[in-house]
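Written out below as structure tokens is the structure these notes cover.
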DNA sequence: TTTTGTATTAACCAAATGGTTAAATCAATT
DNA sequence: AATTGATTTAACCATTTGGTTAATACAAAA
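Chains as they are written, first to last, in the numbering used here: chain F, 23 to 224; chain X, 23 to 224.
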């Protein structure tokens, strides 16, 4: 099973799967090796230690989670077009890897210190400050209602992310099956945009 | 250090602290014992196994997280009063124990099967179906706009919960210190109510 | 005071776990 | 074919970890 692709990649793929589903503390090196179909020693041969391997997986994950946000945020575009663009793009990103936000959030909660450093060195670090300035300006201009830019940012992200990280509990409470919940998620982009615009429209 | 209170309670308190901060996989029985200031054997003497102890902590946690929601949801009250009541009450609950939702959500993601059973046997199981029926009725009556009750529910919960579970990352991106972020959370009740009403008002 | 049942502890145990190593395999080079 | 360097593996190691046990401390009842 091992020879098909590059062993290094094979390990990373397996590590992603195990770390993301079980977390750093719950992941077992043996399970990663099994998943990759190789000997456990290879993990250390290529990546030294569990922590080193985890760091690679985590960095890529956080890049995807906040990077996607930053990409749209930094684009030059009128605010009233940018907001739906952010929502569409961000929900698309989450749907591609619905388990990533939970993984990232949880590991960050486990060690916030290590994270803060990493965040600022992140190339995709979202330039939120500019975005918030735009919101304030638009408010003064009367393009939108004058709202707290921080609250607006939190609202957008909350509405986009939570339905995915809270999926098991929400699905349980709402008593929906997978197919039904998927349909609800399909509508999300439209709904979130609607909600945000209802709140900020003059 | 052990004699002050009942040893059993002492253990539960310590177990809560350790399990909630580190999760099931990351928690160490020795750490719980140390936290309680007692011998590790006492944990097994009173609660058999790590899993049994965890179950107690987890059940209480999930009770708080979804129970609080159910309490308000099941109250007899006009919809337009009930929605702000839900929001106020739920955010109050989260602020009392901001780490609980993350803990519950994460552990549920780890073993969704075990959870689904527990959910239905939960005494505080929120009667969301009735609440959703009320929303549909109110829509038809014209009290509110006709919106998907499922989406409304998701919106409320998302806006309330996410800013707390995503706090480290949000605070990092927004570059706010603890005091500033606390102030933002203070305003949350008002903002969430505002957003929801803006969306559902006719 | 003695007895008796409960609470508590130190020492211990077996399994799991991250990590290492020495030998073996493989592939390219000479 | 022989050499050489990288890759891979089985076996091993030290530590950690959940759990047990036998002996002890303690408190209430007799």
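C-beta atoms are modelled at their ideal positions from N, C-alpha and C, and glycine is treated no differently.
Check, Outcome
"Determine which residues of the segment 46–74 of chain X have a Cβ less than 9 Å from any Cβ of chain F, and write them out in chain order.", "46, 47, 48 and 49"
"Nearest to residue 182/F by alpha carbon, out of 105/F, 84/F and 166/F?", "105/F"
"Say whether the segment 120–138 of chain F touches the segment 34–54 of chain F, bearing in mind that this needs 3 or more beta-carbon pairs closer than 8 Å, one atom from each stretch.", "yes"
"Given this structure, state the Cα-to-Cα distance separating residue 63/X from residue 89/X, to the nearest angstrom.", "33 Å"
"Check the Cβ-Cβ distances between residue 97/X and every residue of chain F, and say whether any is below 8 Å.", "no"
"Can you list the residues of chain X that residue 148/F reaches, using a CB-CB cut of under 7 Å?", "195"
"What did DSSP end up calling residue 69/X once you bin it into helix, strand or coil?", "helix"
"Residue 101/X and residue 160/X look like a contact to me (Cβ under 8 Å); what is the Cβ gap, rounded to whole Å?", "5 Å"
"Pull up the CB-CB distance for residue 129/F and residue 65/F, whole angstroms please, since I reckon it's below 8 Å.", "Incorrect: roughly 19 Å between the Cβ atoms, too far for contact."
"Under the three-state reduction of DSSP, which class applies to residue 217/F: helix, strand or coil?", "helix"
"Using CA atoms only, rank isn't needed, just tell me which of 135/X, 222/X, 81/X and 165/X is closest to residue 174/X.", "222/X"
"The alpha helix (DSSP H) that contains residue 179/X, what's its start and end?", "171–187"
"With a Cβ-Cβ cutoff of 8 Å, do residue 177/X and residue 218/X count as a contact?", "yes"
"For a cutoff of 8 Å on Cβ pairs, would you count residue 217/F as touching chain X?", "yes"
"Name the chain X residues whose beta carbon is nearer than 8 Å to that of residue 124/F?", "127, 128 and 131"
"I'd like to check one pair, residue 76/X with residue 190/F: are the Cβ atoms closer than 8 Å?", "no"
"Which word fits residue 210/X, buried or exposed, when buried means at least 16 other C-beta atoms lie within 10 angstroms of its C-beta?", "buried"
"Could you check whether residue 149/F and residue 96/F sit closer than 8 Å to each other, using their CB atoms as the reference points?", "yes"
"My output table needs one value for residue 49/X: the three-state DSSP class, helix, strand or coil.", "coil"
"In or out: residue 155/F buried (at least 16 other Cβ within 10 Å) or exposed?", "exposed"
"In chain order, what residues of the same chain have a beta carbon less than 6 Å from the beta carbon of residue 203/F, not counting five sequence neighbours either side?", "193"
"Cβ of residue 80/X less than 8 Å from any chain F Cβ?", "no"
"If we call anything under 8 Å between Cβ atoms a contact, is residue 164/F one with residue 214/F?", "no"
"Please name the residue, chosen from 71/X, 30/X and 207/X, that lies closest to residue 50/X on a Cα-to-Cα basis.", "71/X"
"Output, in chain order, the set of chain F residues within a Cβ distance shorter than 8 Å of residue 94/X.", "None at all; the shortest Cβ gap to chain F is about 14 Å."
"With 8 Å as the limit, tell me which residues of the segment 183–207 of chain X have their beta carbon closer than that to any beta carbon of chain F; keep them in chain order.", "183, 184, 185, 187, 188, 190, 191, 192, 194, 195, 196, 197, 198 and 206"
"Could you round the C-beta distance between residue 68/X and residue 31/X to whole angstroms and report it? I think they count as a contact, below 8 Å.", "With 8 Å as the limit, residue 68/X and residue 31/X do not qualify as a contact, their Cβ atoms being about 10 Å apart."
"From this set, 208/F, 52/F and 195/F, which residue's C-alpha is nearest residue 85/X's C-alpha?", "195/F"
"Can you tell me which of 206/F, 167/F, 184/F and 151/F puts its alpha carbon nearest to the alpha carbon of residue 197/X?", "151/F"
"Pick helix, strand or coil for residue 29/X, following the three-state DSSP scheme.", "helix"
"At a Cβ threshold of 8 Å, is residue 172/F touching chain X?", "yes"
"Helix, strand or coil for residue 210/X, going by three-state DSSP, please let me know.", "helix"
"Is the beta carbon of residue 78/F sitting closer than 8 Å to the one on residue 34/F?", "yes"
"Using a cut-off of 8 Å between C-beta atoms, extract the partners of residue 108/F located in chain X.", "Correct list: empty, because the minimum Cβ distance to chain X is about 13 Å."
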